[in-house]
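Residue numbers (this note's numbering), protein chains in the order written: chain A, 21 to 298; chain B, 1130 to 1633; chain C, 2 to 242.
These notes concern the structure reproduced below.
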Amino acid sequence: MTNPPVGAKKRLQNMSDNLIIRLYYFDIIAIEVQCVMKVSLFITCLSDAIFPRVGEAMVRVLAKYGVQLEFPKVQTCCGQPAFNSGYWDDARETAKTILNAFEDSDFVISPSGSCTGMIHHYPKLFENDPVNKARAEKLQQKAYEFTQFLVQVLGVTDVGAVFPHKVTYHPSCHGSRLLGVKDEPMALLQSVKGLEFVPLPFAEDCCGFGGTFAVKMADISGAMVSEKVDHVKETEAEVLVGLDMACLMNIAGNLRYRNEPVRVMHLAELLAEGAKLA
Amino acid sequence: MSAKGALGTVKERAELALNDEFLRKAVKFTTERLRNGKKNAAGEHGNWDEWRERGRAIRLHTIAHLDYYLNLFVNNARANGVHVHFADTGADAVRIALSIAERKSAKTVVKSKSMVSEELHLNAALEKIGVEAIETDLGEYIIQLAGETPSHIVIPAIHKNRYQIADLLSEVAGEKLEADTTVLAGFVRKKLRERFLEADIGMTGCNFAIAETGSMVLFENEGNARMVTTLPKTQITLMGMERIIPSFQDLEVMATLLPRSATGQKLTMYMSAISGPRRSEDADGPDEMHIIIVDNGRSLQLGDPEFQELLNCIRCGACLNACPVYRHIGGHAYGGTYSGPIGAVLTPALNKNIAEWDDIANASSLCGACYEACPVKIPLHDMLVYLRRRKVEKGHGNKLEGAGMKGFSTLLGNAKRFRTVVKLGQIGQKLVVRDGGIRTKLGPLKGWNSYRVTPSLPKKSFRENWETLDQQIRADLKEMSPEMKQRMEDAVKRRGQGGGHHHG
Amino acid sequence: MADSHQEWLKQMEEESKAKQASFMAGIAQRLRHPVMTKAPEHPFRGAPDFWNKFEWDREEKIERFSANWKSVGGHVARLADMDAARDFIAEKAREMGAKYIVRQNEAELEALGLEAALPDARISVWNTDPDVYWKARSAEADFGVVIADHSVAYTGSVVVKSSKDKGRSVSLLPTVMMIIIPVDQMKTRLGEVLVAFDEGGRENLPAGIHFITGPSRSSDIENDLTIGVHGPGVVYALLVG
């Protein structure tokens, strides 16, 4: 047998530090195994299909601190489009894939405040289904948006990134209002060396995405995103950063439509690129 | 005015508004002014969230015991000499108001701003029996002359510019008035003074009704509500059945929240508590006072866990000012008496005709700015979702959308099918991708791509690339610091204690 | 007609009382509890506790009140005593050419001796003659002179209560309001005044209680602030003491 790769050896060591085995010699033998915590990646369908680079950046940033994300492949979508449109039966169907995917996880990390916020709606979604409601409540406690986990749980604000550019930040509504993620991204941005931060005027105003709203009420949504982009332009920033790819896709789409050369990134990407993890 | 009567759908009405450059600018400017005023006032006052929490607690408590407090109010108002009436429906309220006007042989009624009266379309009913109803709030007076309805709870004529206003007032004056605010307001002052003094009936709304003393409270800036409650011999107050607060002490909380949230003022220029008609020796104030307590759909919310909190609303308009949708389309696009986020929920809730009003509930990106702005923390963004759900449950859903959602749950309810969809997208998009973006305005992308370029799908999805990435990561994973391990364990421990992690 | 109107009112009253019971029962039923007859416990009465402890000292109250009153477009004069108040009002009346003045029928205002100080002005005293149409008399007045029953520094508000001798019209209809504020009685918070209405009880409330926080104003035309839309556009707070 050949030697295991170096990485795997390290991992085994990690585990053994945390491995406690208790044996009870009665008529049954109970074995309690406590191993490293299971930190799972909730990629969200948008980042999975359209922005895999965001998931990759998250994985790399967290790996820097020894967090090895695990990726349950049975996950699909959080169900928000159906939930918000009123089709709760359909929302429950997809929400169950999320409940199943993260049943055993200790932490569930996603690159979206909105999709994490949707998990916070699960107990209400399953209010007439006690079994799944209990699962939903458990999952809600474990669900974190990326910067929430990085700053609140790991206590990291400086990932050692250098990013000598003029940057502005759009706080997405669900992350900032529903989850209260306001200080975390600011703390992370402030620690990036060389970064010149320009506040976005009327930053807290919705970009006009709103899921199916952008399709159903296309003109209102269009007016909102146009106003958002006007504000982005006012900052003269080279880079717009955010925490939610849905909103960023919306804003980037309008920037591109208007041929505005502003680069749009998820904060995880900025950190990974700045810390040369990409 | 019904949703249908007010020109098609909210989408069509919004389109009109979006194409009205003046309207958009005016609404934007006003809402920004009010929003900033509120922010500054709340900040200066301090502990804003504690005040909001207190306001919410008082409102929740009162509504949860509404039968007790309303009954107490009625008995105390009667003891003050008020004639109290109950109206189950808008039509009942109109009938009562008209019969009082007829009994009094009234020729004119002067009115101060009342959203309930707008809800009942009382002016039209009064005109029908030959009674002239005169709105006396400057903004309301202007839109009455224009034959329109308010487009904002607090600033009803937000959509009119001073040239339009000058034209309207010039017609009344019979001479050309200069489009100058002071001149126009001066004309209205003089004109309405005469009307106040000669009016037979004064009609008001009611901001709050104090259960323990039977007093009704009015907040205003112009003094017209004071005129209306001081000069005419008869006063009629229209009051939504949920306007109750227990005591004057509770009024301090409402007086702290309402003006700051509405206009950023510490207090409106006038706050009046009227406890019955004039005492027999007083030389002003009404001889006779009526309060009509209006249900008109409000009680439908009672006992409904998803909507009861709607009755906590204190009609400050802060949600309108915070709402990015309202800012772009203005109040009339909502098609009902109440506009903005509160209107989008209240109108269908009061009318119980979800099918007809559903399109209003769709005119929201669910950004939650309304909830954040609300001084009594009504979760309007959640209620909009509940409305949409109820409509679907009742079978009023859009068939195409319903099929779409069925497809959505089928395809996304299973990871393998999801993967197949993405795969098909990666191949299919080749027809439309140019330069890494999709610009076609055909089919479902029409609305979206009228304002945006859609990104193309990358060659590999995240899950397709996962094994490769995972191997790279595993190859040089560092060990986690003991301190971080501890932090993670602590976070897990906190969950059991009901704390969980921080969320809004 | 009077009789028949009274009869009609009585009939309406009976209908209303009959309706009252079913109205409340309907609410109780929706709230899923029996009709309540006893007061529920109300643990959140009034402002938060931390607020009720808040108080400014005398000078700070005067300063804050003045700053607030001025910030909304009102005028302030700090005066040593009632003689100074009389001189101030007389001076302003001459300056602005006030011919008609209406004042409340209060002993302190009587003692002021405005009549002697302004021999050329016509000064009427509220509700002293049953044949006078007092509302119109106030509407034509240039000045209305009143004394504040209470004042609140935090919001910059004065409070006037109606009675036989104190018309609501006097603080509302004239072009200029002159309000005398005894500074010794000034409160910090709104709640200090409001709680007294609870404690005094319904029977002791006047028909009208009015909090006035500055001149009548409106921003209804293009957000342009206009002063004096319906009520007095010029308001003087005379801080006495």
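Don't be surprised by glycine CBs; every beta carbon is placed ideally from N, CA and C.
Query - Listed by chain order, chain C residues near Ser1401 (chain B) by CB distance under 8 Å - result: Here residue 1401 (chain B) refers to the residue found at position 272 when the second sequence is read from its first residue. Those are Gly209, Ile210, His211, Phe212, listed as they occur along chain C.
Query raised in the report: Can you tell me whether DSSP reads Val56 (chain A) as helix, strand or coil?
Result: Along the first sequence, read from residue 1 onward, the residue named residue 56 (chain A) stands at position 36. DSSP places Val56 (chain A) in coil when its eight states are reduced to three.
**Report entry** Proximity to Ala43 (chain C) [Cα-Cα], best of B:Asp1411, B:Ile1284, B:Asp1379
**Finding:** Indexing the third sequence from 1 puts residue 43 (chain C) at position 42. Looking at the sequence shown, residue 43 (chain C) is not Ala but His. Of the residues B:Asp1411, B:Ile1284, B:Asp1379, the one whose Cα lies closest to the Cα of His43 (chain C) is B:Asp1379.
Query - Close beta carbons around Glu15 (chain C), own chain, < 7 Å, minus the five adjacent residues each side - result: Your numbering for residue 15 (chain C) matches position 14 in the third sequence. When the five nearest sequence neighbours on each side are left out, no beta carbon in the same chain lies closer than 7 Å to the beta carbon of Glu15 (chain C).
Report task. Taking Asn270 (chain A) as the query, report the chain B residues whose CB atoms sit under 8 Å from its CB, ordered along the chain. Result -> On the first sequence, residue 270 (chain A) is found 250 positions in, with the first residue counted as 1. In chain order: Arg1581.
Query - Interface flag, Leu260 (chain A) vs chain B, CB-CB below 7 Å - result: Your numbering for residue 260 (chain A) matches position 240 in the first sequence. Not one chain B Cβ lies under 7 Å of Leu260 (chain A).
Report task. Give the range of the alpha helix (DSSP H) segment to which Gly1331 (chain B) is assigned. Result -> Position 202 of the second sequence holds residue 1331 (chain B). Careful: Gly1331 (chain B) lies outside any alpha helix (DSSP H), inside the beta strand (DSSP E) at 1330–1333.
Query raised in the report: What span of residues does the beta strand (DSSP E) with Tyr101 (chain C) cover, start to end?
Result: By one-based count along the third sequence, residue 101 (chain C) stands at place 100. Per DSSP, Tyr101 (chain C) belongs to the beta strand (DSSP E) from 101–104.
Query raised in the report: DSSP on Arg33 (chain C), reduced to helix/strand/coil?
Result: As a position in the third sequence, residue 33 (chain C) is number 32, starting the count at 1. Reduced to three states, the DSSP call for Arg33 (chain C) is coil.
Query raised in the report: Of all Cβ atoms in chain B, is any one closer than 7 Å to the Cβ of Phe91 (chain A)?
Result: Your numbering for residue 91 (chain A) matches position 71 in the first sequence. For Phe91 (chain A), the closest Cβ of chain B is nearer than 7 Å.
**Report entry** CB contact below 7 Å: Ala1620 (chain B) versus chain A
**Finding:** The residue given as residue 1620 (chain B) occupies position 491 in the second sequence. Chain A, which has a Cβ nearer than 7 Å to the Cβ of Ala1620 (chain B), makes this yes.
Query raised in the report: Which residues bound the alpha helix (DSSP H) around Met150 (chain A)?
Result: The residue labelled residue 150 (chain A) in the question sits at position 130 within the first sequence. Residue 150 (chain A) is actually Pro in this sequence, not Met. It spans 150–162 - the alpha helix (DSSP H) in which Pro150 (chain A) sits, taken as one unbroken run.
Query raised in the report: Should Ser67 (chain C) be flagged as near chain B, meaning a C-beta pair shorter than 7 Å?
Result: Within the third sequence, numbered from 1, the residue matching residue 67 (chain C) stands at position 66. Not a single CB atom of chain B sits nearer than 7 Å to the CB of Ser67 (chain C).
**Report entry** First and last residue of the uninterrupted beta strand (DSSP E) at Pro183 (chain C)
**Finding:** Along the third sequence, one-based indexing puts residue 183 (chain C) at 182. Element bounds for Pro183 (chain C): 177–183.
Query - Coil, strand or helix - Val1505 (chain B) by DSSP - result: Looking up residue 1505 (chain B) in the second sequence gives position 376. DSSP places Val1505 (chain B) in coil when its eight states are reduced to three.
Query raised in the report: Can you check whether the CB of Ser1280 (chain B) is closer than 7 Å to the CB of His1461 (chain B)?
Result: Within the second sequence, residue 1461 (chain B) is the residue found at index 332, counting from 1. Within the second sequence, residue 1280 (chain B) is the residue found at index 151, counting from 1. Yes, the Cβ-Cβ distance between His1461 (chain B) and Ser1280 (chain B) is below 7 Å.
Query raised in the report: Can you find a C-beta in chain B that's less than 7 Å from the C-beta of Leu119 (chain A)?
Result: Residue 119 (chain A) sits at position 99 when you count from the first residue of the first sequence. Taking 7 Å as the threshold, the shortest C-beta distance from Leu119 (chain A) to chain B does not fall below it.
Query raised in the report: Quick one, are the C-beta atoms of Ala207 (chain A) and Val171 (chain A) less than 7 Å apart?
Result: Counted from its first residue, the first sequence places residue 207 (chain A) at position 187. Counted from its first residue, the first sequence places residue 171 (chain A) at position 151. Result yes, Cβ atoms of Ala207 (chain A) and Val171 (chain A) sit closer than 7 Å.
Query - Neighbourhood of Ser5 (chain C) by C-beta distance below 8 Å, restricted to the same chain and skipping five residues each side - result: The residue you call residue 5 (chain C) lines up with position 4 of the third sequence. Nothing listed; no residue qualifies.
Report task. Below 9 Å between beta carbons is the criterion; list the residues of the region 1420–1451 of chain B that meet it against any residue of chain C, in chain order. Result -> Taking 9 Å as the Cβ-Cβ cut-off, the region 1420–1451 of chain B approaches chain C at Ile1422, Asp1424, Ser1428, Leu1429, Gln1430, Leu1431, Gly1432, Asp1433, Gln1437, given in chain order.
Query raised in the report: What number of angstroms, rounded off, separates the C-alpha of Tyr1455 (chain B) from the C-alpha of Lys1257 (chain B)?
Result: As a position in the second sequence, residue 1455 (chain B) is number 326, starting the count at 1. As a position in the second sequence, residue 1257 (chain B) is number 128, starting the count at 1. Going by the C-alpha atoms only, they are around 33 Å apart.
Query raised in the report: Does Glu1144 (chain B) have its Cβ less than 7 Å from a Cβ in chain A?
Result: The residue given as residue 1144 (chain B) occupies position 15 in the second sequence. At a cut-off of 7 Å between beta carbons, Glu1144 (chain B) contacts chain A.
**Report entry** the region 14–32 of chain C contacting the region 1213–1224 of chain B, beta-carbon criterion three pairs below 8 Å
**Finding:** They touch, by the three-pair rule.
Query - Minimum C-alpha distance to Lys1589 (chain B) - residue among A:Val59, A:Phe62, A:Leu61, A:Phe71 - result: As a position in the second sequence, residue 1589 (chain B) is number 460, starting the count at 1. Selected option, being the one with the closest Cα: A:Phe71.
Query - Residue burial classification, Arg42 (chain A) (beta-carbon count within 10 angstroms, cutoff 16) - result: Taking the first sequence and counting its residues from 1, the one referred to as residue 42 (chain A) is at position 22. Legend: pLDDT at Arg42 (chain A) = 39, less than 50; position of this residue unreliable, value from coordinates given subsequently. Taking every protein chain shown into account, the CB of Arg42 (chain A) has fewer than 16 other CB atoms within 10 angstroms, so this residue is exposed.
**Report entry** Selection from A:Thr167, A:Gln168, A:Gly175, A:Thr136 that minimises the alpha carbon distance to Ala156 (chain A)
**Finding:** Residue numbering aside, residue 156 (chain A) sits at position 136 when the first sequence is read from its first letter. When the alpha-carbon of Ala156 (chain A) is set against those of A:Thr167, A:Gln168, A:Gly175, A:Thr136, the nearest one is in A:Thr136.
Query raised in the report: How long is the line joining the alpha carbons of Glu1144 (chain B) and Thr1476 (chain B), rounded to whole angstroms?
Result: To locate residue 1144 (chain B), count along the second sequence from 1; it is residue 15. To locate residue 1476 (chain B), count along the second sequence from 1; it is residue 347. Distance between the alpha carbons of Glu1144 (chain B) and Thr1476 (chain B) is about 21 Å.
Query raised in the report: Touching or not, the region 1488–1500 of chain B and the region 1508–1522 of chain B, by the rule of three or more beta carbon pairs under 8 Å?
Result: Contact between the region 1488–1500 of chain B and the region 1508–1522 of chain B is present, with at least three C-beta pairs closer than 8 Å.
Query raised in the report: On the three-state DSSP scale, how would you describe Pro219 (chain A)?
Result: Here residue 219 (chain A) refers to the residue found at position 199 of the first sequence. It is coil, neither helix nor strand.
Report task. Please confirm if Glu223 (chain C) has its CB atom under 7 Å from at least one CB of chain B. Result -> Numbered from 1 along the third sequence, position 222 holds the residue referred to as residue 223 (chain C). Residue-level contact by beta carbon holds for Glu223 (chain C) and chain B, with a gap shorter than 7 Å.
Requested in this report: Taking 8 Å as the threshold, find out whether the region 1536–1550 of chain B comes into contact with the region 106–114 of chain A through three or more Cβ pairs.
Outcome: The region 1536–1550 of chain B vs the region 106–114 of chain A: in contact.
Query raised in the report: In chain B, what lies closer than 8 Å to Tyr189 (chain A) by C-beta?
Result: If you number the first sequence from 1, residue 189 (chain A) lands on position 169. Contact annotation for Tyr189 (chain A) against chain B: no contact, minimum CB-CB distance about 17 Å [criterion: below 8 Å].
Query raised in the report: Which residues, taken in chain order from the region 14–33 of chain C, show a beta carbon closer than 7 Å to some beta carbon of chain B?
Result: Going along the region 14–33 of chain C in chain order, one finds Glu14, Ser17, Lys20, Gln21, Phe24, Met25, Gly27, Ile28, Ala29, Arg31, Leu32, Arg33 with a Cβ nearer than 7 Å to chain B.
Query raised in the report: Are the C-beta of Gly273 (chain A) and some C-beta of chain B separated by less than 7 Å?
Result: As a position in the first sequence, residue 273 (chain A) is number 253, starting the count at 1. Yes, Gly273 (chain A) lies at the interface with chain B (some Cβ there is under 7 Å from its Cβ).
Report task. Determine the contact status of Gly145 (chain C) and Val77 (chain C), defining contact as a CB-CB distance below 7 Å. Result -> By one-based count along the third sequence, residue 145 (chain C) stands at place 144. By one-based count along the third sequence, residue 77 (chain C) stands at place 76. When the beta-carbon positions are compared, Gly145 (chain C) and Val77 (chain C) stay at least 7 Å from each other.
Requested in this report: Would you verify that the beta carbon of Met206 (chain A) is, or is not, closer than 7 Å to some beta carbon of chain B?
Outcome: One-based indexing of the first sequence puts residue 206 (chain A) at position 186. Taking CB atoms only, Met206 (chain A) has no neighbour in chain B less than 7 Å away.
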